[in-house]
Amino acid sequence: RYSPDGKSIAFVSDRSGGDNVWTLATDFTDTTQVTKGNGSLNVSPEWTPDGKAIVVSRASGLFGAHKLEMYRLGQSSPLPLMPNAGATKALGAAFSPDGRYVWYAGRNGDWNYNALFPQLELFRYDREKGTTVRMTGRYGSGFRPAISPDGKWLVYGTREGAETGLRARDLQSGDEHW
1 RYSPDGKSIA FVSDRSGGDN VWTLATDFTD TTQVTKGNGS LNVSPEWTPD
51 GKAIVVSRAS GLFGAHKLEM YRLGQSSPLP LMPNAGATKA LGAAFSPDGR
101 YVWYAGRNGD WNYNALFPQL ELFRYDREKG TTVRMTGRYG SGFRPAISPD
151 GKWLVYGTRE GAETGLRARD LQSGDEHW
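In terms of our numbering, the sequence shown has 171 at position 171, counting the first letter as 1, and numbering is strictly consecutive.
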C-alpha cells in the first residue's frame, strides 16, 4: 500500500523469518521493519490518512483471530485500534478520508470447517465514539472494503451464488450496485 504522500510503500514480507510489515521508500533509499517477531501473522497493512501510522490485521498464530493494531512510525509497540473488540476477527482496515471511521471485514471467532455463510461482514468503527456498527448483511459475506478518496463510495468484495464480485455503495444514500 502506498503512503498518502506517495513516498513509501507498506508491505508484508517473511524476510525476517515471520510475516511482518515493512516499509520501503519509493526511491529505494530506506527499508524499515515495522512489526517484529516470527510467531504472528500480519496481513493487510493500511496507512492512516495522515501517514503517521500503519494499521495491520495481526493474529498470534495460525488459528488466532486477527485484531487491528496501529503502529506509529518510529515506535515498535502496537496500539489496539479497537480496544474492546473481544473475540471479533478484524481484517483489512479502510479509513474514511478524515480518519474518523475505520471499515473492516469481521466475524466472531475464526475459521471453522463447516462454517455457514455469511463468513465475514463489513463493520464500521467510529474512532471518536469508540463504537462499532455492522454495515452489511449479505449472505455472500463482505470483505476487503475500500473507500474512495473523496469518501463518497465504498467498494467491497462479496459472493453471489458461485461468483465473487465487487459491490459499490453510495455512502450518503446507502444504494448499492455491482
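All C-beta atoms in this analysis are idealised placements derived from N, C-alpha and C, irrespective of residue type, glycine included.
Neighbourhood of residue i by C-beta distance below 7 Å, restricted to the same chain and skipping five residues each side
| i | result |
| --- | --- |
| GLY157 | PHE143, ARG144, THR164, LEU166 |
| TYR2 | ILE9 |
| TRP182 | It is not possible to answer for residue 182, since the shown part of the chain is limited to 1 through 178. |
Distance, residue j Cα to residue i Cα
| i | j | result |
| --- | --- | --- |
| ASN38 | VAL56 | 15 Å |
| GLU69 | SER173 | 31 Å |
| VAL43 | ASP27 | 24 Å |
| ASP5 | THR35 | 21 Å |
| LEU73 | GLN33 | 10 Å |
| PRO149 | PRO97 | 6 Å |
| PRO45 | SER13 | 11 Å |
| ALA162 | THR29 | 45 Å |
Close-in-space but distant-in-sequence residues of the same chain around residue i (CB under 8 Å, 5 per side omitted)
| i | result |
| --- | --- |
| ALA146 | ALA94, LEU154, VAL155, TYR156 |
| THR131 | TYR125 |
| THR31 | TRP22, THR23, LEU24, ALA25 |
| GLU128 | ARG100 |
Member of the options whose CA lies at the smallest distance from the CA of residue i
| i | options | result |
| --- | --- | --- |
| ALA25 | GLY18, PRO49, ASP19, PHE11 | PHE11 |
| GLY106 | GLY130, THR23, LEU122 | LEU122 |
| TYR71 | THR23, ASP175, VAL133 | THR23 |
| PRO78 | ALA53, GLY92, ARG169 | ALA53 |
| LEU41 | VAL34, ALA59, ARG127 | ALA59 |
| LEU120 | THR29, ARG169, TYR101, ALA90 | ALA90 |
Cut-off 6 Å between Cβ atoms - residues of its own chain near residue i, not counting five sequence neighbours on either side
| i | result |
| --- | --- |
| GLU160 | GLY140 |
| GLY51 | SER3, PRO4, ASP5 |
| VAL133 | ARG124 |
Reduced DSSP category for residue i - H, G, I as helix; E, B as strand; rest coil
| i | result |
| --- | --- |
| SER8 | strand |
| PHE123 | strand |
| LEU228 | Since the first and last residues shown for the chain are 1 and 178, residue 228 lies out of range. |
| SER141 | coil |
| ALA105 | strand |
| field | 3-residue-minimum beta strand (DSSP E) runs that sit fully inside the region 13-40, ordered along the chain | value | Entirely contained in the region 13-40, the beta strand (DSSP E) runs reaching 3 residues are, in chain order, 20-25, 31-33.
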